[in-house]
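The sequence shown maps to residues 1 to 161 in the UniProt record's numbering. The C-beta atom is built at its ideal place from N, Cα and C for all residues, glycine as well. It should be emphasised that the depicted structure is a prediction, and the values quoted were computed from it without experimental measurement.
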Amino acid sequence: MSAEPTAERADAELETVLLAIGGRDDARMDSLVTTVREIAPPNDATVVIAHVFDNGSYREAVERILDAETADIEPDELAAEMGVTRVVTEELADDSIDCEARATTGRRGEGIVEIAEEVDADRVVVGGRQRSPAGKAVFGSTAQTVMLNAPCPVTFVRDRA
């Protein structure tokens, strides 16, 4: 008899699933939400919707969402006000899945890992597109950074294009 945990047993212990979303995830949002719907409910897991802003996108989002040139709002609060976060939260709420929004500023891959560590995530769900090895080396890969550095297993959802 093996002492190794099976995937089924490991999934049964999920309490927190981190769903990383960003501006380039529109095309795969349905796939990301479907993946979370498959993972979270059997475990009654909470879904943390994570967004990482770079400094420019943070300022733009504050101005767009709050309709103000300067505002004092924390990244978590801003992420909760974003349309994509609200849509995902409503879709998951239809399945009685509890959600919360978290955000940070900085580089996307490192920010996702940071949030995963802060919320003690048991699983990270991240989207991405297929790139050549040279493309990853030149431009970097958020998904690759997350997969190599996350404190927990990562589920990768690839574009179907």
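Complete runs of the alpha helix (DSSP H) confined to the UniProt domain "UspA" (15 to 158) [at least 4 residues]
Fully contained in the UniProt domain "UspA" (15 to 158) are the following alpha helix (DSSP H) runs of length 4 or more, in chain order: 29 to 39, 55 to 66, 75 to 81, 83 to 93, 108 to 118, 133 to 139 and 142 to 149.
In whole angstroms, give me the CA-to-CA distance for V126 and I21.
Within the sequence shown, residue 126 is the residue found at index 126, counting from 1. Within the sequence shown, residue 21 is the residue found at index 21, counting from 1. Using only the alpha carbons, I get a separation of about 7 Å.
Burial state of L148 (16 or more Cβ within 10 Å)
Residue mapping note: residue 148 aligns to position 148 of the sequence shown, counting from 1. Here L148 is exposed. Its C-beta has fewer than 16 other C-beta atoms within 10 Å.
Distance between Y58 and V154 (C-alpha atoms, nearest Å):
Position 154 of the sequence shown holds residue 154. Position 58 of the sequence shown holds residue 58. Between the C-alpha atoms of V154 and Y58 there is a straight-line separation of about 26 Å.
Just how far apart, CA to CA, sit A61 and G111?
Working through the sequence shown from its first residue, we reach residue 61 at position 61. Working through the sequence shown from its first residue, we reach residue 111 at position 111. In a straight line, the C-alpha of A61 is about 17 Å away from that of G111.
Output yes or no for whether 8 Å exceeds the beta carbon distance between L18 and I115.
Taking the first residue of the sequence shown as position 1, residue 18 is located at position 18. Taking the first residue of the sequence shown as position 1, residue 115 is located at position 115. Yes.
Ignore the nearest five residues each way along the sequence and tell me which others in E117's own chain have a CB closer than 7 Å to its CB.
Position 117 of the sequence shown, counting from 1, holds the residue named residue 117. Around E117: P151.
Are the CB atoms of R123 and I39 nearer to each other than 8 Å?
Stepping through the sequence shown from its first residue, residue 123 is reached at position 123. Stepping through the sequence shown from its first residue, residue 39 is reached at position 39. Yes.
Among the residues of its own chain, which have a CB less than 8 Å from the CB of E13, if the five just before and after it don't count?
Locating residue 13 in the sequence shown gives position 13, where the first residue counts as 1. Closer than 8 Å at the Cβ level, and outside the excluded window around E13, lie N43 and D122.
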